[in-house]
Structures are given as C-alpha cells and as structure tokens.
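Just so you know, the sequence shown maps onto residues 78 to 446 in the working numbering. C-beta: ideal position from N, C-alpha, C; glycine also. Computed from a prediction, not measured in an experiment: that's the story for all the values here. A short write-up of the structure that comes next.
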Amino acid sequence: MIYFVPLHQNLRIISQIMILDKIDELLKEVQTLSAKNADEVEQLRLKYLSKKGEITALMNDFRNVAADQKKTVGMKINELKALATERINQLREECANQETTDEAVDLTRTPYPIQLGTRHPLTIVTNEIIDIFSRMGFVLADGPEVEDDLHVFTKMNFAADHPARDMQDTFFVSQHPNDVTKNILLRSHTSSVQARVMEHMHTEDGKLTAPIRVICPGRVYRNEAITARAHCFFHQVEGLYIDKNVSFTDLKQVLLSFAREMFGADTQIRLRPSYFPFTEPSAEMDISCFICGGEGCGFCKHTGWVEILGCGMVDPNVLEQCGIDSKIYSGYAFGMGVERITNLKYRVSDLRMFSENDVRFLKEFESAN
Ligand SMILES: [Zn+2]
C-alpha cells in the first residue's frame, strides 16, 4: 500500500494504520480465546491486559495517532479492551465452575450464618436437677429402657396383682403368663435403675460395699392416651440414698434444699402421707406456690401449694429383694416428673409441645441454655 502524503505526516499515518490493523487482529484473537484452567486464564490476562500486555501497549501507541483520528481509534481500543476483559472474566468463571464441580465444593459460594440449635427444655431442667443433687454428693446412674419385670416390678415390691402390671398401664415387649418375672417391657418408672444399682452394691451377706447415693434420670413409658396432660412417654429423675442410720429427717432436709435451689430461697415445702409400693412410709411433697407466694391463685388452685414429687423411706422388702440387709441399712428414695417441674418453671400448658419439635417452641428456651 502506498500513501502520497507530506513527509511530516507519514509517520503518524503509518502508525495509525498499523494500530488499526493491530486492533482488528487482536479483536479476532480475543473472540476466540480459550483456556483449560485458571492458570491459563491468568496467562491470557497477562498477555493482553497486564501493564506489559498487548492492549496496554496499544494505549501507548495511541499517543502517535493524529488528533482528528484519536476519537475513532480511542473508541476501537476501548471496545477491544472491554471485549478482552469480558472474555477473560467469562473464561475465569467457566474454569472456576469446572473445578468446583470436580471437587463438589463451591468455594465461591457466599457464606451464610450457621443457625445454632438450642437445648430441649426437658434437657435444661434435667441438667439443673442433676446439678443440684450432684452438689449434695449424688452420682449419676443409668439403666435400660427395655427392662424385665424383675427390676421394674418384682424387686420394687409390686404385688402380683398390682394394676401397674396390667397391659392397660404398661407396654409389654413379651409376656410370660407362667412366670411374670420374665416379662419384658418398656420401663414404667426409673426405679428399675435403683434395683440394678442395689443389686451390684452389696456383698453376699447383704453388706453394702459403699453407701449408695445415686440420681437416676431417664425416659419412662406408660400406656396412656396422648392429651395435653398425659403422654405415652415422659421423663423422671429418681434419687436413692442407702446407708446406716438414714432417717426421714435426712430425706426432708435434702428435699428442702432441692426445692429452694430449684424454685427460690423462700420456698416452703410440706409432706403429705401417700402410698407407693416401694417406700414405707411414703409421702408426696408440695412446694409453696411461687406465683402467689402461698396466698392462693389460679395456678395453685387457690391452695397456696403445688405438688412436685413423691418420696419415702425405702421399704425393707425392696432392700431384701435387692440383697441388702434391711436390719443394718435404711434409705430413702424420691422421684419426680421432669415435665411436671418444667411446666412449673416455664408454664408449659400442653405436654405434647415437648415432643413435637416445633422450632418456635424450642427457641423460647434459647436464653435458658
Ligand atoms: Zn398460687
């Protein structure tokens, strides 16, 4: 190509033509760029867009373009730069997607806050009960939920015709009409754990190997229709203390300390005579209503008292059944429903809420965790 132009304009025109050719050439190149991985994308970026890149070099050559052509050439360079940037970004994204698909982890994904769970209200209250009795020297004991009749009923002094042994009250896994002690069932109270502890804590002649002071939390099962006030399973915490010279006074003092720790320092207790197969004498314990302070309100049915647990001195028959000499040793036991205590503390009016796993309900106890 020959240009007839004055000499002083020659260089400019030639460089202008060169730059336009170069732009066209690069435009074609950029449109067909390809890369297999992030490293190759980076190489392309260095080649075209870095300080020493080809497009940046064009910007430097732009100085030599004639003033009246600067607008046209400038626009073309900008167009090229935008196209190259877009294409390289596109390649980078494709490679990133490709790599995360390979490793099944999307490192480019925006992080989101992790929602922490909360402890279940029954767990919170069980832990609180355990904590109080631990400080009084009780240790944890645990046992199976699928139990035999021997530990749930026989050793706990339930008469052969006691209604608790009936199908209507207990879930049986297997029944042996000829020998009820072989029946397998879902435990209807955690007293079975007490039986197992007593069995293992004495010598052959009925002497304790150490004083027994245990606390037994756990789930229990009863064959009841599910309503707001009853459920086919619930939770208990039972306590057992056996040693020489254990008296009802010891029991009362421990329960008073517990009530005051659990419900406040002003709490009063009262014990009413009651009956349980495994304790003699037996009592039910009320605490002064912590809402009205004993004055009487709707919550305590205007009595000023709220029932919270059952207790008593371990029946000598139970000690003997479990191999402990009842002439040397005595003991007390108590048991409470965790749902009952939780209802009192947090005013949950419907038992079913505890097993529905409604997050809105569970979140209510976030601050108690
Ligand atoms: Zn009251």
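Inter-residue Cα distance where the pair is residue i and residue j
i	j	result
Val-195	Val-291	What sits at residue 195 in the sequence shown is Thr, not Val. In a straight line, the C-alpha of Thr-195 is about 28 angstroms away from that of Val-291.
Ala-438	Leu-428	Sequence inspection shows Phe at residue 438; the Ala mentioned does not correspond to that position. Going by the C-alpha atoms only, they are around 12 angstroms apart.
Lys-199	Ala-445	The sequence given here places Leu at residue 199; Lys does not occur at that position. Near 11 angstroms, if we compare the C-alpha coordinates of Ala-445 and Leu-199.
Val-436	Thr-419	17 angstroms
Gln-108	Leu-168	11 angstroms
Thr-133	Ile-191	45 angstroms
Asn-155	Arg-186	32 angstroms
Phe-431	His-197	8 angstroms
Gln-93	Lys-99	10 angstroms
Glu-433	Tyr-423	17 angstroms
Pro-393	Ser-359	13 angstroms
Gly-130	Glu-443	58 angstroms
Val-270	Glu-441	32 angstroms
Glu-352	Glu-361	Contrary to the premise, residue 352 reads as Tyr rather than Glu in this sequence. Distance between the alpha carbons of Tyr-352 and Glu-361 is about 9 angstroms.
Glu-384	Met-244	28 angstroms
Val-82	Met-152	Legend: pLDDT at Val-82 = 47, less than 50; position of this residue unreliable, value from coordinates given subsequently. Computed Cα separation, rounded: 25 angstroms.
Ala-287	Arg-264	27 angstroms
Ile-405	Thr-356	17 angstroms
Cys-399	Ala-236	16 angstroms
Gln-336	Phe-311	Looking at the sequence provided, one finds Ala at residue 336 rather than Gln. So the alpha carbons of these two residues sit roughly 21 angstroms apart.
Val-323	Gly-214	15 angstroms
Pro-254	Gln-313	29 angstroms
Leu-135	Tyr-189	44 angstroms
Met-339	Arg-347	16 angstroms
Glu-315	Gly-220	12 angstroms
Gly-212	Asp-246	What sits at residue 212 in the sequence shown is Arg, not Gly. For Arg-212 and Asp-246, the distance between alpha carbons rounds to 35 angstroms.
Gly-371	Met-413	21 angstroms
Exposure label - residue i; buried when at least 16 CB within 10 Å
i	result
Met-390	buried
Asp-309	Here the sequence assigns Cys to residue 309, which means Asp is not the residue at that position. Cys-309 should be labelled exposed.
Val-216	exposed
Asp-225	buried
Ser-426	exposed
Leu-103	buried
Met-95	exposed
Leu-84	With a pLDDT of 47 at Leu-84, under the threshold of 50, the predicted position of this residue should be treated as unreliable, and no value is reported.
Ser-268	buried
Thr-326	exposed
Val-250	exposed
Arg-164	buried
Ala-144	exposed
Arg-33	The question about residue 33 has no answer here: the residues shown for the chain are numbered 78 through 446.
Asp-363	buried
Arg-273	buried
Pro-240	exposed
Gly-375	exposed
Lys-284	exposed
Residue i beta carbon near ligand 1 (any heavy atom closer than 6 angstroms)
i	result
Phe-376	yes
Tyr-366	The identity of residue 366 in the sequence shown is Cys, whereas the question assumes Tyr. At least one heavy atom of ligand 1 is nearer than 6 angstroms to the Cβ of Cys-366, so yes.
Residue(s) in a DSSP beta bridge with residue i
i	result
Ile-405	Paired residue(s): none; Ile-405 is not in a bridge.
Gly-225	The residue you asked about is not Gly; residue 225 is Asp in the sequence shown. Looking at the DSSP assignment, Asp-225 forms a beta bridge with Ile-261.
Gly-373	None, per the DSSP bridge assignment.
Asp-256	Looking at the DSSP assignment, Asp-256 forms no beta bridge with any residue, so it has no partner.
His-277	Partner(s): none; His-277 has no beta bridge.
Thr-356	Phe-353 and Val-391
Tyr-318	Arg-290 and Tyr-409
Asp-363	Arg-347 and Glu-384
Gly-295	Gln-313
Ser-251	Ile-261
heavy atom of ligand 3 below 6 angstroms from residue i C-beta
i	result
Cys-369	By its list of ligands, the structure shown excludes ligand 3, since it contains just ligand 1.
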